[in-house]
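Residue numbers (full-length UniProt numbering): 1 to 312. All C-beta atoms in this analysis are idealised placements derived from N, C-alpha and C, irrespective of residue type, glycine included. Values in this document were obtained by computation on a predicted structure and should not be read as measured data. Just below is one structure, and these are the notes that go with it.
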């Protein structure tokens, strides 16, 4: 369509805070700059009495704002559909979704290629849980690895210690097994509070559920072995059960590690490619000084980046 207008958008995130994984929302101070050509103003002198409301307006709307969006508002509570299948080894977009009240035949919304969208990284307050990239946010792995995965690994490994109790005392074995299983269930409820109510399992869910089921299976074995009266058979079966449980546990840990690490680095390469494109654009628009300013900023604050922009 010949009369279709192109609206070029530049977004500056002045501040991002209160990123809540459970509620899938975040708070942000965002400055949005829209640029388009107005033919009626070509070759005309700028007048102090210019009435801008008489000219065409793109009527932009921030789609993912909770509540009624207002043009005069600088701070809004936004929602973001988080993709958490890889949690906590995930990368997330913190986005501003722009649409227009005009039909799609009248305008198109494009990223401004003459100006650089950016973010003020010095005002990012959730550095303990999130790490900023040039394009997305990624979960801070250390927080979840040390506080969740390592603890569940310890709980599941302790289930092997139940085999140290003589198999003629199943009541003691079962007591230890039930205690470890209940500990895992309790820990599961605690970790659920840090995740939104979603209909699929995250990588963290898979690991925790395996550890719980593993402890449960060992407890079941300690109950089943009492049905065999011959002590020699009990000793032999108990030994091989111990070996089989070790193999199952080791194989799962190996497969889980390979899947998580492989998926993480595959997604990381994709993010790095997008980061590279953003950095090339920054150098093209700002020059080599952008790199030197970036290095100075990174010395004072390690994490540097921007959030992404989506158009509707």
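Legend entry - Beta-carbon proximity check, residue 117 vs residue 10, cutoff 8 Å: Counted from its first residue, the chain shown places residue 117 at position 117. Counted from its first residue, the chain shown places residue 10 at position 10. Cβ atoms of residue 117 and residue 10: closer than 8 Å.
Legend entry - Of the listed residues 193, 219 and 62, nearest to residue 28 (C-alpha basis): As a working note, residue 28 is residue 28 in the chain shown. For residue 28, the nearest C-alpha among the options comes from 62.
Legend entry - Selected residue, minimal CA-CA separation from residue 220, among 178, 185, 206 and 112: If you number the chain shown from 1, residue 220 lands on position 220. Of the listed residues, the one whose Cα sits closest to residue 220 is 178.
Inset, instruction - Could you check what DSSP says for residue 25 in three-state terms: helix, strand or coil? - result: Here residue 25 corresponds to residue number 25 of the chain shown, with the count starting at 1. Note: residue 25 maps to strand in three-state DSSP.
Legend entry - Per-residue DSSP class, three states only, for residue 270: Position 270 of the chain shown, counting from 1, holds the residue named residue 270. Helix at residue 270.
Legend entry - 6 Å CB neighbourhood of residue 214 in its chain, flanking five on each side removed: Position 214 of the chain shown holds residue 214. So the list reads 156, once near-sequence residues are dropped.
Legend entry - CB contact flag (residue 111, residue 59, <8 Å): For this step, residue 111 is matched to residue 111 along the chain shown. For this step, residue 59 is matched to residue 59 along the chain shown. In this structure, residue 59 does not lie closer than 8 Å to residue 111 by Cβ.
Inset, instruction - Please check the pair residue 245 and residue 218, which I expect to be a contact at CB under 8 Å, by giving their CB distance rounded to whole angstroms. - result: Position 245 of the chain shown, counting from 1, holds the residue named residue 245. Position 218 of the chain shown, counting from 1, holds the residue named residue 218. Confirmed, Cβ separation roughly 6 Å.
Legend entry - Buried or exposed by the 16-neighbour rule on C-beta atoms within 10 Å, applied to residue 243: What you label residue 243 is simply residue 243 of the chain shown in a count that begins at 1. Residue 243 should be labelled exposed.
Inset, instruction - Identify the continuous beta strand (DSSP E) that holds residue 100 and give its terminal residues. - result: Position 100 of the chain shown holds residue 100. Where residue 100 is concerned, the enclosing beta strand (DSSP E) stretches over 95–100.
Inset, instruction - State the DSSP-derived secondary structure class of residue 202, mapped to helix, strand or coil. - result: Walking along the chain shown from the start, residue 202 turns up at place 202. Three-state DSSP puts residue 202 in coil, outside helix and strand.
Inset, instruction - Output the boundary residues of the beta strand (DSSP E) element that contains residue 60. - result: The sequence position of residue 60 within the chain shown is 60, counting from 1. Following the DSSP letters along the chain, one finds residue 60 inside the beta strand (DSSP E) bounded by residues 60–62.
Legend entry - residue 158: first and last residue of the uninterrupted alpha helix (DSSP H) it sits in: As a working mapping, residue 158 is identified with position 158 in the chain shown. Start and end: 150–158.
Inset, instruction - Put residue 260 into one of helix, strand or coil per three-state DSSP. - result: As a working mapping, residue 260 is identified with position 260 in the chain shown. If DSSP states are grouped into helix, strand and coil, residue 260 belongs with the helices.
Inset, instruction - Assign residue 65 to one of three DSSP states: helix, strand, or coil. - result: Start at 1 with the first residue of the chain shown, and residue 65 comes out as number 65. The answer is strand: DSSP assigns residue 65 an E or B state.
Legend entry - Through-space distance from residue 33 to residue 113, alpha-carbon basis: Numbered from 1 along the chain shown, position 113 holds the residue referred to as residue 113. Numbered from 1 along the chain shown, position 33 holds the residue referred to as residue 33. Straight-line Cα distance between these residues: approximately 13 Å.
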